[in-house]
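Undergrad: Below: one structure in structure tokens.
Number of protein chains: 2
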Amino acid sequence: MPSEIIAGSETTSTVQLPREESWGYQVNHLARLLEGALRDRIARHGVLPGAFAQLLALFERDGLSQSELSSAVHIDPSTMALTVRRMERDGLVTRSPSLRDRRQTEIRLTRHARELQSTLIGRAIEVNDLAKKGVDDADLAVVRRVLAQMIANLLNDVERAPS
Amino acid sequence: MPSEIIAGSETTSTVQLPREESWGYQVNHLARLLEGALRDRIARHGVLPGAFAQLLALFERDGLSQSELSSAVHIDPSTMALTVRRMERDGLVTRSPSLRDRRQTEIRLTRHARELQSTLIGRAIEVNDLAKKGVDDADLAVVRRVLAQMIANLLNDVERAPS
DNA sequence: TGACATTACTTGGCATGCCATGCATACTGT
DNA sequence: ACAGTATGCATGGCATGCCAAGTAATGTCA
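Chains A and B, in that order, are what the protein sequence lines are.
Residues in the first sequence are numbered from 1 upward in steps of one, following full-length UniProt numbering.
Residues in the second sequence are numbered from 1 upward in steps of one, following full-length UniProt numbering.
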């Protein structure tokens with residue numbers, strides 16, 4: 001019993017799929033709203049939402065290379081190249097060639113970025129709190145687990161469908 | 001007890017926020033994976049993922065205007081202008097000025113798009129099934145409800161923070 | 001060691017999204 | 001009827017994401 005196909009009228013037997021039934025649609029919509037809510041709260045600090053996950057990764061471990069950052073936040077290296085350049089432009093990181101491997105670029109937080117750490121995390125928590133307002137803690141745990149499972153399922157799919 | 005602030009070491013008292021704790025990060029990641037999985041499955045039919053929700057809306061009710069389509073799928077009108085043009089380019093819709101209101105453009109499905117309906121919905125269902133593989137039905141219902149609640153919470157926020 | 005493969009990053013092309021602006025068309029109230 | 005407002009769409013600018021292809025540096029192995 002895999003899925004809910006909603007038949008249209010009996011006469012036409014048209015196959016329908018309400019947008020609310022589609023995980024892609026719901027998740028995409030929520031993702032855009034979360035990004036917007038974060039953008040509203042961090043713009044004044046000169047940080048873009050697309051740099052947020054990268055900052056969190058660097059807060060945990062500074063000096064990562066671009067490819068390490070890419071894997072850490074699951075973003076394509078070509079996207080990371082642009083994002084890191086924007087972060088440099090915005091005074092959040094510096095880029096310096098690695099000494100052990102001249103292909104690599106070491107990304108290091110600026111003092112400014114480190115000073116923003118608590119503030120930025122506070123803003124992210126605000127967004128999280130807003131999103132989960134009125135939701136039961138047990139349900140939140142379920143959602144966390146299911147989202148992780150779905151991510152794992154889809155990552156699996158990507159790997160076994162190389163191109 | 002709103003949120004889980006994870007303190008770093010006792011000495012530095014650095015505020016940390018693992019990416020896995022952030023709804024924005026998880027939901028964004030899942031959204032990108034779902035979009036990619038759909039893209040892989042509908043590219044051969046000449047349909048882009050960014051057109052999918054619009055097609056679903058038009059399958060339910062053909063001849064919507066761009067602004068009606070925008071509200072239906074919660075996409076900015078300026079984005080819709082581009083998307084509809086791509087859909088026209090790809091032979092999925094036609095655009096014709098409305099007779100009642102010359103400002104409006106009526107978007108109508110082509111025969112080709114209508115012929116793709118079942119196939120496309122089948123592909124979306126494949127993605128949904130893949131994503132929810134191994135997940136309990138009761139848990140899925142919880143997730144659906146919580147996502148809807150979060151979307152409502154954030155929509156609410158956007159409205160009361162006009163600018 | 002020298003050919004071949006791999007890795008790190010960049011670049012170009014494109015899709016998808018938002019905001020701010022501009023223009024044409026409609027609507028409203030006096 | 002006309003001024004002022006609102007609506008529908010297009011456009012420019014930008015952010016964020018992907019893939020494909022190119023270049024430089026590194027690694028591998030006969």
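Glycine residues also receive a C-beta, built at the ideal position from the N, C-alpha and C atoms.
The model shown is predicted, which means the values in this text are computed figures rather than measured ones.
(1) At which residue ranges does the UniProt domain "HTH marR-type" (20 to 152) of chain A contain complete beta strand (DSSP E) runs of 3 or more residues, listed in the order of the chain?
(2) Short check: CB of residue 118 of chain B to CB of residue 84 of chain A, under 8 Å?
(3) What in chain B is Cβ-close to residue 149 of chain A, meaning under 7 Å?
(4) With 7 Å as the limit, tell me which residues of the region 112 to 128 of chain B have their beta carbon closer than that to any beta carbon of chain A; keep them in chain order.
(5) Would a check of beta-carbon distances place residue 56 of chain A closer than 8 Å to chain B?
(6) Please work out which residues of its chain come closer than 8 Å, Cβ to Cβ, to residue 96 of chain A, disregarding the five sequence neighbours upstream and downstream, and give them in chain order.
(7) Could you check if residue 29 of chain B is buried or exposed, using at least 16 other CB atoms within 10 Å of its CB as the buried criterion?
(8) Given that residue 16 of chain A touches chain B, what residues does it touch there, using C-beta distances under 9 Å?
(9) CA-CA distance, residue 59 of chain A and residue 125 of chain A?
(10) Give the straight-line distance between the Cα atoms of residue 24 of chain B and residue 43 of chain A, rounded to the nearest whole angstrom.
(11) Beta carbon of residue 164 of chain B, beta carbon of residue 147 of chain A: below 8 Å?
(12) Looking only at its chain, what residues have a beta carbon closer than 8 Å to the beta carbon of residue 88 of chain B, apart from the 5 residues adjacent to it on each side?
(13) Can you name the residues of chain B whose CB is closer than 8 Å to the CB of residue 26 of chain A?
(14) Would you list, in chain order, the members of the region 79 to 98 of chain A that have their beta-carbon closer than 7 Å to a beta-carbon of chain B?
(15) Leaving out the 5 sequence neighbours to the left and right, which residues in its chain are closer than 7 Å to residue 86 of chain A when beta-carbon positions are compared?
TA: On the basis of the coordinates in this document:
(1) Taken in chain order, the whole beta strand (DSSP E) runs of length 3 or more contained in the UniProt domain "HTH marR-type" (20 to 152) of chain A are 93 to 97 and 105 to 109.
(2) Between residue 118 of chain B and residue 84 of chain A, the gap from beta carbon to beta carbon reaches 8 Å or more.
(3) The contacting residues are 134 and 135.
(4) Under the 7 Å Cβ criterion, the region 112 to 128 of chain B contributes 117, 118, 121, 124, 125, 127 and 128.
(5) The Cβ of residue 56 of chain A sits closer than 8 Å to at least one Cβ of chain B.
(6) Once the five neighbours on either side are set aside, the close Cβ partners of residue 96 of chain A are 105, 106 and 108.
(7) Buried: at least 16 other Cβ atoms inside 10 Å.
(8) Neighbours of residue 16 of chain A across chain B, judged by C-beta separation under 9 Å: 56, 59, 60, 117 and 121.
(9) Answer to the nearest angstrom: the Cα atoms are 16 Å apart.
(10) Distance between the alpha carbons of residue 24 of chain B and residue 43 of chain A is about 16 Å.
(11) Look at the range of chain B in this structure, 1 to 163, and you will see that residue 164 of chain B is not part of it.
(12) Sequence-distant partners of residue 88 of chain B (beyond 5 residues in either direction) whose C-beta falls short of 8 Å from its own C-beta, in its chain, are 94 and 95.
(13) Simply 144, 147, 148 and 151.
(14) Hits within the stretch: zero.
(15) Only 48 and 51 meet the Cβ criterion.
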